[in-house]
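Under my numbering, the first residue of the sequence shown is numbered 864, with each subsequent residue one higher. From the three backbone atoms N, C-alpha and C, an ideal C-beta is built for every residue, glycine too. Take a look at the structure set out below.
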Amino acid sequence: MSQEKKTTNKRKLLIRYLILAACILVIAAVTVTTVFAVNDWFRDDITIDTNNPNNPDNPDKPNKPVEPDKPDEPDKPTINDNTFAKPVSEINLINVFEWGQDISLGNWHFHTGVDMAAAAGTDVFAALDGTVESVTLGDHLDGNSITVAHANGLKTVYTFIELKDGLKKGDAVKRGDKLGTVAEPTGSEFKQEAHLHFEVIENGKCTDPVKFLDIADK
């Protein structure tokens, strides 16, 4: 066999080996890609909850029975309910929140509350839950007065009142609790019939109490 023919045969054999190696590499690459793809699919499909107390792979969490779903609890009332109770049982307004002339002193001024006609001795009630902020006794213009602080920046003021025995600053009161009784008119409103002077202070400013009261014709 000539030298040239031997060389040709070696080249053909080498080419066959190279083609075979390339085929093996392609098959290996396809196999590896397929294996990784399958593993990723299983990993995404299965979620292990390591926080589950019944998970045997989480020995730091003791096993405990699974609690049944609890029924929804009913809504609880809040202290922010601004629905006023009537300060007196029957509301009959004789003076409202506006500029006017004081029939007792004759001067013109802004009336900072409303006057509710009621016979002396009529019960006076707290409009909302709150805390007694101040008590004034025997003022020469306003007689006796009590201020109650509530939630949401509200305060209510009750003037010309005989206070309930023992009621003092710092006492907690509930909506509808008795604060005292209507007193005889005196001081700046002595010429008026017996009444409760009632004010509402909202965020530090006097506001019309009528918008908080359940009055049919307001």
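**Asked** Nearest-angstrom Cα distance between Asp820 and Gly1016?
**Response** This structure gives no information on residue 820, because the portion of the chain shown stretches from 864 to 1081.
**Where Leu1076 falls: helix, strand or coil (DSSP)** = If DSSP states are grouped into helix, strand and coil, Leu1076 belongs with coil.
**Asked** What does His1060 pair with, by DSSP beta-bridge criteria?
**Response** His1060 is bridged to Asp978, Thr1022.
**Message:** What would DSSP say about Asn958, mapped onto helix, strand or coil?
**Reply:** Looking at Asn958 - three-state DSSP - the assignment turns out to be strand.
**Asked** Quick one: Cα of Thr941 to Cα of Asn970, how far?
**Response** Note that Thr941 scores a pLDDT of 35, beneath 50, so its modelled location is shaky; the value from the coordinates is reported in the next line. Counting only the Cα atoms, Asn970 lies some 43 Å from Thr941.
**Request:** Report the three-state DSSP secondary structure of Val889 (helix, strand or coil).
**Result:** In the structure shown, Val889 sits in a helix (DSSP, three-state: H, G or I).
**Asked** Under 8 Å, do Thr985 and Val1036 count as touching if we go by C-beta distance?
**Response** At a Cβ-Cβ threshold of 8 Å, Thr985 and Val1036 do not count as neighbours.
**Beta-carbon proximity of Ile1024 to Leu1076, cut-off 8 Å** = Cβ atoms of Ile1024 and Leu1076: not closer than 8 Å.
**Item:** Cutoff 6 Å; reference Phe973; Cβ partners in own chain excluding five residues on either side
**Value:** By the criterion of a C-beta distance shorter than 6 Å, Phe973 is surrounded in its chain by Trp962, once the five residues flanking it on both sides are discounted.
**Message:** Suppose only complete runs of 3+ residues qualify. What are the beta strand (DSSP E) ranges in the segment 971 to 1016, listed by chain order?
**Reply:** Whole beta strand (DSSP E) segments, 3+ residues: 971 to 973, 977 to 980, 986 to 988, 993 to 1002, 1006 to 1012.
**Lys1054 (DSSP reduced to helix, strand or coil)** = In the three-state scheme derived from DSSP, where H, G and I count as helix and E and B as strand, Lys1054 is classed as coil.
**Prompt:** Below 8 Å between beta carbons: does that hold for Val987 and Leu1030?
**Reply:** For Val987 and Leu1030, no; Cβs fall outside 8 Å.
**Asked** Going by C-alpha distance, which of Pro1048, Thr1044, Ala1057, Gly1039 is nearest Thr946?
**Response** That would be Gly1039, whose Cα lies nearest to the Cα of Thr946.
**C-alpha gap between Gly1043 and Val998, whole angstroms** = Gly1043 and Val998: Cα-Cα distance of roughly 12 Å.
**Request:** Return the bridge partner residues of Lys1065 from the DSSP annotation.
**Result:** In the sequence as presented, Lys is not what sits at residue 1065; that position holds Glu. Glu1065 pairs with Leu1017, Lys1068.
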